[in-house]
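Engineer:
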Amino acid sequence: DHSSPLPGLMKKEPYTPPSIRRLTQGSANPQRLGRVPVMESIDGVPVAGLIRQHGSPLFVFSESNLREKIREAREAFESVYPEVQFAWSYKTNYLNAICRLFHQEGAIAEVVSGFEYEKARSNGMSGNQIIFNGPWKDPESLRRAVAEGAMIQIDNRDEMLALARMAEERDEDLFVGVRIHVDTGTHAVWSKFGFSADDGEALRVIRWMRDNTRLKVRGIHCHAGTFLLDANAYVIATEKVVELAIATEEAGAGVIGYLNLGGGFASHARLHGQYLPPEQATPTFDAYAEAICGTIKRHWPNGHKLPMLYLETGRAMVDEAGYLISSVVAVKQRPINEANPSFTAYGKGGVPPASVLGAYGKGALPPSLASRRNAVVLDAGINILYTSTWYQPTIYPASAPASAAQPTTVYGCLCMNIDVIREEAPLPDLRAGDAVVMHPVGAYNITQSMQFITYRPAVVMIDPDCGVHVIRRREVLEDVQGPEEIPEHLVGKALSTKF
């Protein structure tokens with residue numbers, strides 16, 4: 002630096018005092034904004050080509066990832082426990098192609114309604130390959146499940162009485178499971194479902210069935226919660242399941258052949274406000290397996306055959322296999338609210354770098370930019386990305402960025418102010434027409450999406466050889482209004498000319 006008074010020494014920059022910025026929920030870390038991961042392809046198939054062939058937005062599923070996940074889970078449990086049976090949770094994603102893939106991999110079906118029961122039967126599952134859960138099983142579906150030998154988990158007293166009447170009508174014993182809820186001390190108790198094991202309710206119900214019905218308890222079922230990041234919750238839940246199973250046999254109310262610990266395993270999605278990255282926060286399948294299987298083996302009576310273990314996995318199997326491709330349709334600037342500042346990251350009185358200032362030049366901070374930040378509108382909304390209410394999908398540009406990342410608000414396309422996919426995401430400057438990829442989104446978004454304002458998009462699956470298969474076509478008007486009927490007095494009436 003020849004301007005320095007001492008050759009060879011760098012010119013001393015003026016001192017800027019440090020500042021502390023609170024990273025609010027959903028905010029981006031300003032120290033990492035410069036790095037912009039890109040996702041130009043999914044399983045070797047270019048994103049641009051997928052959009053050309055199938056449109057935007059577009060859900061994409063990786064067949065390789067789906068198979069890899071369930072095999073990883075099976076290996077973790079089967080390596081530490083003699084008899085394990087996985088059941089695919091239909092409500093997590095009931096596209097037939099997804100369900101059939103898991104059935105190919107050895108999973109039976111877990112359903113929670115007559116509708117899902119029908120889907121499972123249509124996908125090749127026999128009655129004895131279906132676990133029937135849920136707080137309401139309509140009478141017709143319940144009667145069918147009994148006739149076809151499904152594994153029914155009793156949720157409430159009214160259902161118990163209905164099954165007891167069916168057993169009398171059929172003049173035979175019915176073998177059932179009993180669902181319980183427990184307090185694991187790690188999250189809110191799911192007291193909506195089943196009977197309480199903590200206050201003795203479940204055992205009282207089981208004894209009543211022994212004395213008054215032809216229902217025989219074959220198994221105990223407990224789904225402790227969802228997205229459980231603490232594997233110890235399963236230790237506590239499993240202890241209480243085993244305790245009740247032993248008490249059931251001692252009461253002469255049934256011979257326990259299976260324990261069902263439900264699902265709830267977390268994926269690598271990121272909760273709003275979650276501090277640790279998913280790679281550190283999410284337990285491995287091995288950790289879940291040790292928590293459940295280790296507990297059963299420690300507490301099951303010596304000399305007694307271990308019961309079959311059922312697991313109703315959903316989210317952890319499918320979430321990371323799912324992607325949502327979307328396109329930018331508009332770029333705008335939005336006000337920076339006081340609770341979620343952006344430029345304060347550069348220090349008190351500091352000026353954002355050139356990547357933020359863009360064309361305004363070094364040291365120039367236009368009044369409009371001083372209180373506003375980048376925002377983009379996508380062609381996908383929260384009507385098809387329902388889980389963004391609880392989780393923050395990572396958003397990747399689908400092409401190499403031309404600028405460094407900066408805090409960007411990501412809006413959906415709905416005419417609703419609540420349609421915000423990410424309040425703040427680190428993204429480069431994007432333009433209308435640019436594509437982005439959101440991940441992971443494979444769990445619950447397909448089943449909970451709706452035709453609100455827009456049609457639901459197509460869904461494709463990429464096979465291990467990079468073949469792309471449409472597993473649900475994009476909806477059209479006939480799909481949405483097909484079930485509708487118009488009353489006779491409204492048919493053919495001309496529009497009134499009076500306004």
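Counting along the sequence shown from 1, when you hit position 83 you're at 84 in the numbering used here, and nothing is skipped either side. Heads up, the beta-carbon is just placed ideally off N, CA and C, and yes, glycines get one too.
Candidates ILE207, LEU164 and HIS222: which alpha carbon is nearest LYS181's?
Structural biologist: As a working note, residue 181 is residue 180 in the sequence shown. The displayed chain sequence assigns Ile, not Lys, to residue 181. Comparing Cα-Cα distances from ILE181 to each of ILE207, LEU164 and HIS222, the minimum goes to HIS222.
Engineer: What beta strand (DSSP E) runs, 3 residues minimum, are completely inside the segment 276-337?
Structural biologist: 309-312 and 323-336
Engineer: Hey, how far is the Cα of GLY504 from the Cα of TYR412?
Structural biologist: Nothing about residue 504 can be read from this structure; the chain reaches only from 2 to 500.
Engineer: Using the Cα positions of THR249 and ILE447, report the straight-line distance between them to the nearest angstrom.
Structural biologist: Residue numbering aside, residue 249 sits at position 248 when the sequence shown is read from its first letter. Residue numbering aside, residue 447 sits at position 446 when the sequence shown is read from its first letter. When rounded, the distance between both Cα atoms is 39 Å.
Engineer: So within the segment 125-213, which uninterrupted alpha helix (DSSP H) runs reach at least 4 residues, ignoring any that extend past its ends?
Structural biologist: 140-148, 158-171 and 202-213
Engineer: Between which two residues does the beta strand (DSSP E) carrying GLU424 extend?
Structural biologist: Numbered from 1 along the sequence shown, position 423 holds the residue referred to as residue 424. It spans 421-428 - the beta strand (DSSP E) in which GLU424 sits, taken as one unbroken run.
Engineer: Let's see if you can read the secondary structure: which residues bound the alpha helix (DSSP H) around SER115?
Structural biologist: Looking up residue 115 in the sequence shown gives position 114. The sequence as given places Gly at residue 115; Ser does not occur at that position. Looking at the DSSP string, the run of the alpha helix (DSSP H) that includes GLY115 is 115-123.
Engineer: With a threshold of 8 Å, are at least 3 pairs of Cβ atoms found where one atom belongs to the segment 36-44 and the other to the segment 60-74?
Structural biologist: yes
Engineer: Look at ARG219 and GLY186 and say whether their C-beta atoms are less than 8 Å apart.
Structural biologist: If you number the sequence shown from 1, residue 219 lands on position 218. If you number the sequence shown from 1, residue 186 lands on position 185. Cβ distance not < 8 Å, so ARG219 and GLY186 don't count as in contact.
Engineer: Report back the beta-carbon spacing between ASP231 and SER268 to the nearest angstrom; my notes put them in contact at under 8 Å.
Structural biologist: Taking the first residue of the sequence shown as position 1, residue 231 is located at position 230. Taking the first residue of the sequence shown as position 1, residue 268 is located at position 267. No, ASP231 and SER268 are not in contact; Cβ-Cβ is about 15 Å, not under 8 Å.
Engineer: In whole angstroms, what separates the C-alpha of SER57 from that of THR239?
Structural biologist: By 1-based counting over the sequence shown, the position of residue 57 is 56. By 1-based counting over the sequence shown, the position of residue 239 is 238. Those two C-alpha atoms are separated by around 45 Å.
Engineer: Since PHE78 is in the alpha helix (DSSP H), which residue starts that stretch and which ends it?
Structural biologist: The residue labelled residue 78 in the question sits at position 77 within the sequence shown. Residues 64-79.
Engineer: Write down the C-beta distance between VAL437 and PRO398 rounded to the nearest angstrom, noting that I regard them as a contact closer than 8 Å.
Structural biologist: Position 436 of the sequence shown, counting from 1, holds the residue named residue 437. Position 397 of the sequence shown, counting from 1, holds the residue named residue 398. The pair is a contact, with the Cβ atoms about 6 Å apart (cut-off 8 Å).
Engineer: Pull up the distance between the alpha-carbon of ALA365 and that of ARG374, whole angstroms please.
Structural biologist: As a working note, residue 365 is residue 364 in the sequence shown. As a working note, residue 374 is residue 373 in the sequence shown. Model confidence at ALA365 stands at a pLDDT of 46, short of 50, so the residue's coordinates are unreliable; what they give is reported in the following sentence. Computed Cα separation, rounded: 16 Å.
Engineer: Between the segment 308-320 and the segment 77-95, do at least 3 Cβ pairs fall closer than 8 Å?
Structural biologist: Contact between the segment 308-320 and the segment 77-95 is present, because at least three Cβ pairs lie under 8 Å.
Engineer: Among HIS188, GLU76 and ILE207, whose alpha-carbon lies nearest the alpha-carbon of CYS294?
Structural biologist: Residue 294 sits at position 293 when you count from the first residue of the sequence shown. Among HIS188, GLU76 and ILE207, the Cα nearest to that of CYS294 belongs to GLU76.
Engineer: Return yes when the Cβ of LEU272 is within less than 8 Å of the Cβ of TRP89, no when it is not.
Structural biologist: For the purposes of this step, residue 89 is taken as the residue at position 88 of the sequence shown. For the purposes of this step, residue 272 is taken as the residue at position 271 of the sequence shown. One thing to note: TRP89 has its Cβ no nearer than 8 Å to the Cβ of LEU272.
Engineer: What are the uninterrupted segments assigned as beta strand (DSSP E) that are 3 or more residues long and contained completely in the segment 80-109, given in chain order?
Structural biologist: 85-90
Engineer: Take the Cβ of SER123 as the centre, count every other Cβ of all protein chains shown within 10 Å, and call the residue buried at 16 or more, exposed below.
Structural biologist: For the purposes of this step, residue 123 is taken as residue 122 along the sequence shown, with counting starting at 1. Answer is exposed; the Cβ neighbour count stays below 16.
Engineer: Compute the Euclidean distance between the alpha carbons of LEU175 and LEU162, then round it to the nearest angstrom.
Structural biologist: Stepping through the sequence shown from its first residue, residue 175 is reached at position 174. Stepping through the sequence shown from its first residue, residue 162 is reached at position 161. Their Cα atoms are separated by approximately 12 Å.
Engineer: Given ALA282, which residues of its chain have a CB within under 7 Å of its CB, disregarding the five upstream and five downstream residues?
Structural biologist: Within the sequence shown, the letter at position 281 stands for residue 282. Within the same chain, ALA282 has close Cβ partners LEU230 and GLN275.
Engineer: Select from MET210, GLN452 and GLY323 the residue whose C-alpha is nearest the C-alpha of ALA168.
Structural biologist: Within the sequence shown, residue 168 is the residue found at index 167, counting from 1. The shortest Cα separation from ALA168 among MET210, GLN452 and GLY323 belongs to MET210.
Engineer: I need the DSSP call for ARG271, collapsed to helix, strand or coil.
Structural biologist: Taking the sequence shown and counting its residues from 1, one reaches residue 271 at position 270. DSSP places ARG271 in coil when its eight states are reduced to three.
Engineer: What is the rounded straight-line gap between the Cα of GLY382 and the Cα of THR388?
Structural biologist: Within the sequence shown, numbered from 1, the residue matching residue 382 stands at position 381. Within the sequence shown, numbered from 1, the residue matching residue 388 stands at position 387. The straight-line gap from Cα to Cα measures roughly 11 Å.
Engineer: If we ignore side chains and look at the alpha-carbon of each, how far apart do SER327 and ALA406 end up?
Structural biologist: What you label residue 327 is simply residue 326 of the sequence shown in a count that begins at 1. What you label residue 406 is simply residue 405 of the sequence shown in a count that begins at 1. Cα to Cα, the separation comes out at about 19 Å.
Engineer: DSSP three-state call for TYR235: helix, strand or coil?
Structural biologist: Along the sequence shown, one-based indexing puts residue 235 at 234. Helix, per DSSP.
Engineer: State the DSSP-derived secondary structure class of GLU486, mapped to helix, strand or coil.
Structural biologist: Here the question's residue 486 lines up with position 485 in the sequence shown. Here GLU486 sits in coil by DSSP.
Engineer: By how many angstroms is the C-alpha of VAL330 removed from the C-alpha of VAL48?
Structural biologist: By one-based count along the sequence shown, residue 48 stands at place 47. By one-based count along the sequence shown, residue 330 stands at place 329. Rounded to the nearest angstrom, the two C-alpha atoms are 17 Å apart.
Engineer: Hey, out of VAL377, GLN482 and PRO458, whose CA is closest to ILE472's CA?
Structural biologist: Here residue 472 refers to the residue found at position 471 when the sequence shown is read from its first residue. Measuring from the Cα of ILE472, the nearest candidate turns out to be PRO458.
Engineer: Tell whether a beta-carbon distance below 8 Å holds between VAL378 and CYS414.
Structural biologist: The residue labelled residue 378 in the question sits at position 377 within the sequence shown. The residue labelled residue 414 in the question sits at position 413 within the sequence shown. Yes, they are a contact pair.
Engineer: Using the C-alpha atoms, what's the distance from TYR456 back to HIS490?
Structural biologist: In the sequence shown, the residue the question calls residue 490 occupies position 489. In the sequence shown, the residue the question calls residue 456 occupies position 455. Each residue's Cα considered, the two are about 29 Å apart.
Engineer: Tell me whether GLY107 is buried or exposed, calling it buried when 16 or more other Cβ atoms sit within 10 Å of its Cβ.
Structural biologist: Taking the sequence shown and counting its residues from 1, the one referred to as residue 107 is at position 106. Exposed, by the Cβ-count rule.
Engineer: Tell whether a beta-carbon distance below 8 Å holds between GLY315 and THR93.
Structural biologist: Here residue 315 corresponds to residue number 314 of the sequence shown, with the count starting at 1. Here residue 93 corresponds to residue number 92 of the sequence shown, with the count starting at 1. Yes, the Cβ-Cβ distance between GLY315 and THR93 is below 8 Å.
Engineer: Let me make sure I understand the geometry here. Which of ALA189, SER404, THR214 and GLU79 has the alpha-carbon closest to that of HIS224?
Structural biologist: Along the sequence shown, read from residue 1 onward, the residue named residue 224 stands at position 223. Among ALA189, SER404, THR214 and GLU79, the Cα nearest to that of HIS224 belongs to ALA189.
Engineer: My understanding is that SER400 touches ASP430, with C-beta atoms under 8 Å, so please give their C-beta distance in whole angstroms.
Structural biologist: Translated into positions along the sequence shown, residue 400 becomes position 399. Translated into positions along the sequence shown, residue 430 becomes position 429. Their Cβ separation, rounded to whole angstroms, is 12 Å, which puts SER400 and ASP430 out of contact at 8 Å.
Engineer: Just how far apart, CA to CA, sit ALA303 and GLY150?
Structural biologist: The sequence position of residue 303 within the sequence shown is 302, counting from 1. The sequence position of residue 150 within the sequence shown is 149, counting from 1. Contrary to the premise, residue 303 reads as Asn rather than Ala in this sequence. Taking the straight line from one Cα to the other gives about 31 Å.
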